[in-house]
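Colleague: Mind having a look at this structure? Questions to follow.
2 protein chains.
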Amino acid sequence: MDIEKVNSMDFGEFVDVFGNVVEKCPLIAAAVWSQRPFLDLEDLQKHFFAFIDALPQSGQEGILRCHPDLAGRDLQQGTLTAESQREHRGLTSLGADELLRLAELNAQYRARFGFPFILAARLSDRAAVPRELARRLLCPPAQELRTALGEVKKISGLRLADLLCANPAKL
Amino acid sequence: MDIEKVNSMDFGEFVDVFGNVVEKCPLIAAAVWSQRPFLDLEDLQKHFFAFIDALPQSGQEGILRCHPDLAGRDLQQGTLTAESQREHRGLTSLGADELLRLAELNAQYRARFGFPFILAARLSDRAAVPRELARRLLCPPAQELRTALGEVKKISGLRLADLLCANPAKL
Numbered sequence: 019m020d021i022e023k024v025n026s027m028d029f030g031e032f033v034d035v036f037g038n039v040v041e042k043c044p045l046i047a048a049a050v051w052s053q054r055p056f057l058d059l060e061d062l063q064k065h066f067f068a069f070i071d072a073l074p075q076s077g078q079e080g081i082l083r084c085h086p087d088l089a090g091r092d093l094q095q096g097t098l099t100a101e102s103q104r105e106h107r108g109l110t111s112l113g114a115d116e117l118l119r120l121a122e123l124n125a126q127y128r129a130r131f132g133f134p135f136i137l138a139a140r141l142s143d144r145a146a147v148p149r150e151l152a153r154r155l156l157c158p159p160a161q162e163l164r165t166a167l168g169e170v171k172k173i174s175g176l177r178l179a180d181l182l183c184a185n186p187a188k189l
Numbered sequence: 019m020d021i022e023k024v025n026s027m028d029f030g031e032f033v034d035v036f037g038n039v040v041e042k043c044p045l046i047a048a049a050v051w052s053q054r055p056f057l058d059l060e061d062l063q064k065h066f067f068a069f070i071d072a073l074p075q076s077g078q079e080g081i082l083r084c085h086p087d088l089a090g091r092d093l094q095q096g097t098l099t100a101e102s103q104r105e106h107r108g109l110t111s112l113g114a115d116e117l118l119r120l121a122e123l124n125a126q127y128r129a130r131f132g133f134p135f136i137l138a139a140r141l142s143d144r145a146a147v148p149r150e151l152a153r154r155l156l157c158p159p160a161q162e163l164r165t166a167l168g169e170v171k172k173i174s175g176l177r178l179a180d181l182l183c184a185n186p187a188k189l
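Chains as they are written, first to last, in this note's numbering: chain A, 19 to 189; chain B, 19 to 189.
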């Protein structure tokens, strides 16, 4: 899909296509439509990120809370969004012990920060996930909020690049 | 459900219960959770409305764009959210002529304002809908944005009152 096609979309089409660029937050895509026309993928991405950055802290935390636990209940129950399911591919072969360990760490993380642990899993290998979770669990809350929003942006950038069939390495 | 029960919810439960208070915008409920504890239903509602009011204009337009057309495609195809389906009850018996007229007016409205026509249908009778749509189609865009957000708040207030089993007339 090229950028002319994107710029020709009415808001209904745009939200249908880009509504889950930020997980379960079609409001953000629907807001970004106000900024059309877009120059290119990078420009489109810039508007998604600018909207996230301009939200009050509660809204940024709200974005994080719309994400599933990594390798958590939604993966087990098959209730992940299509995008998230693809991103979980590397985590489907975890053993019961690893899943239990992750569930414990996810619960500690949620209790400490008030949002779920988010990691751009496609950019990480399976073994690194519990290690990274344990590391970030010890970070100060304000720093961890910034880190988590950075992961949301990495995930959104990859999803946008997928939709426009671009090479994400170029971003 | 009483307010103590609401205040005891973790963010996952809270988003499960209140995620569609604003149509297809779980981000807003997820953000409002940051403001707990809530004094009562009125206080909870106040935080939903404050979040909406604090958004940039593109975000407010984004909320509106997450709503379905009134008596439109989602009603015909059975793809309304559960809450919206209940609110559409009074509109299910519209005749083909009335549906066609509404579809034309909805399309004109979307083209003029860049968001769909929104009306708290439970507070309106069936005959009033096309009349009100035709009237609002002529309003200046800035005024119509305010009117539409006012309707979103009426709908959200009714949904919150339903969830807390309160009498919406008291709000």
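Where a beta carbon is used, it is the ideal one built from N, C-alpha and C, also for glycine.
Which residues, taken in chain order from the region 77 to 106 of chain A, show a beta carbon closer than 7 Å to some beta carbon of chain B?
Modeller: If the cut-off is 7 Å between Cβ atoms, the region 77 to 106 of chain A has GLY77, GLU79, GLY80, ILE81, ARG83 and CYS84 near chain B.
Colleague: In terms of residue numbering, what span does the alpha helix (DSSP H) encompassing ASP34(B) cover?
Modeller: If you number the second sequence from 1, residue 34(B) lands on position 16. From DSSP, the alpha helix (DSSP H) with ASP34(B) extends over 29 to 36.
Colleague: For PRO74(B), decide whether its Cβ has a neighbour in chain A, counting only Cβ atoms nearer than 8 Å.
Modeller: Along the second sequence, read from residue 1 onward, the residue named residue 74(B) stands at position 56. Yes - at least one Cβ of chain A is within 8 Å of the one on PRO74(B).
Colleague: Please list the partners that GLN53(B) has in chain A, where partner means a Cβ-to-Cβ separation under 8 Å.
Modeller: Sequence index remark: in the second sequence, residue 53(B) carries index 35 (1-based). Ordered by position in chain A, the residues that pass the 8 Å Cβ test against GLN53(B) are SER76.
Colleague: SER52(B) to PHE32(B), Cα distance in whole Å?
Modeller: Start at 1 with the first residue of the second sequence, and residue 52(B) comes out as number 34. Start at 1 with the first residue of the second sequence, and residue 32(B) comes out as number 14. Distance between the alpha carbons of SER52(B) and PHE32(B) is about 11 Å.
Colleague: Touching or not, the region 125 to 140 of chain A and the region 101 to 108 of chain A, by the rule of three or more beta carbon pairs under 8 Å?
Modeller: The region 125 to 140 of chain A, when compared against the region 101 to 108 of chain A, does touch it at the 8 Å Cβ threshold.
Colleague: Under 8 Å Cβ to Cβ from ALA48(B), same chain only, skipping five residues before and after it: list those, please.
Modeller: Mapped onto the second sequence, residue 48(B) falls at position 30. Counting only Cβ-Cβ distances below 8 Å, and skipping sequence neighbours, we find PHE29, PHE32, VAL33 and GLY37.
Colleague: Between the C-alpha atoms of GLY80(B) and GLN95(A), what's the straight-line distance to the nearest angstrom?
Modeller: For the purposes of this step, residue 80(B) is taken as the residue at position 62 of the second sequence. For the purposes of this step, residue 95(A) is taken as the residue at position 77 of the first sequence. In a straight line, the C-alpha of GLY80(B) is about 31 Å away from that of GLN95(A).
Colleague: Name the chain B residues that come within less than 7 Å of PRO44(A), Cβ to Cβ?
Modeller: The count along the first sequence starts at 1 and reaches residue 44(A) at position 26. Correct list: LYS42 and CYS84.
Colleague: Report all residues from its chain with a CB closer than 8 Å to the CB of VAL147(A); omit the five preceding and five following residues, and keep chain order.
Modeller: Here residue 147(A) refers to the residue found at position 129 of the first sequence. Result list for VAL147(A): LEU88, ALA89, LEU109, LEU120, LEU137 and ALA139, in chain order.
Colleague: To which residues of the same chain is CYS183(B) closer than 7 Å at the C-beta, ignoring the five residues directly before and after it?
Modeller: By 1-based counting over the second sequence, the position of residue 183(B) is 165. The residues are MET19.
Colleague: Starting from the C-beta of ASN193(B), find all residues in its chain whose C-beta is less than 8 Å away, skip the five residues before and the five after it, and write them out in chain order.
Modeller: Because chain B here runs from 19 to 189, residue 193(B) falls outside it and cannot be looked at.
Colleague: Rounded to whole angstroms, how far is the Cβ of LEU73(A) from the Cβ of ILE21(A), which I believe are closer than 8 Å?
Modeller: Start at 1 with the first residue of the first sequence, and residue 73(A) comes out as number 55. Start at 1 with the first residue of the first sequence, and residue 21(A) comes out as number 3. Not really, about 25 Å apart at Cβ, beyond 8 Å.
Colleague: Could you tell me how far apart the beta carbons of VAL40(B) and PHE66(B) are, in whole angstroms, since I believe they sit closer than 8 Å?
Modeller: Numbered from its first residue, the second sequence carries residue 40(B) at position 22. Numbered from its first residue, the second sequence carries residue 66(B) at position 48. So it is a contact: roughly 7 Å between Cβ atoms.
Colleague: Assuming contact is defined by CB atoms lying nearer than 8 Å, are ARG83(B) and PHE131(B) in contact in what I supplied?
Modeller: Within the second sequence, numbered from 1, the residue matching residue 83(B) stands at position 65. Within the second sequence, numbered from 1, the residue matching residue 131(B) stands at position 113. Not closer than 8 Å, so no.
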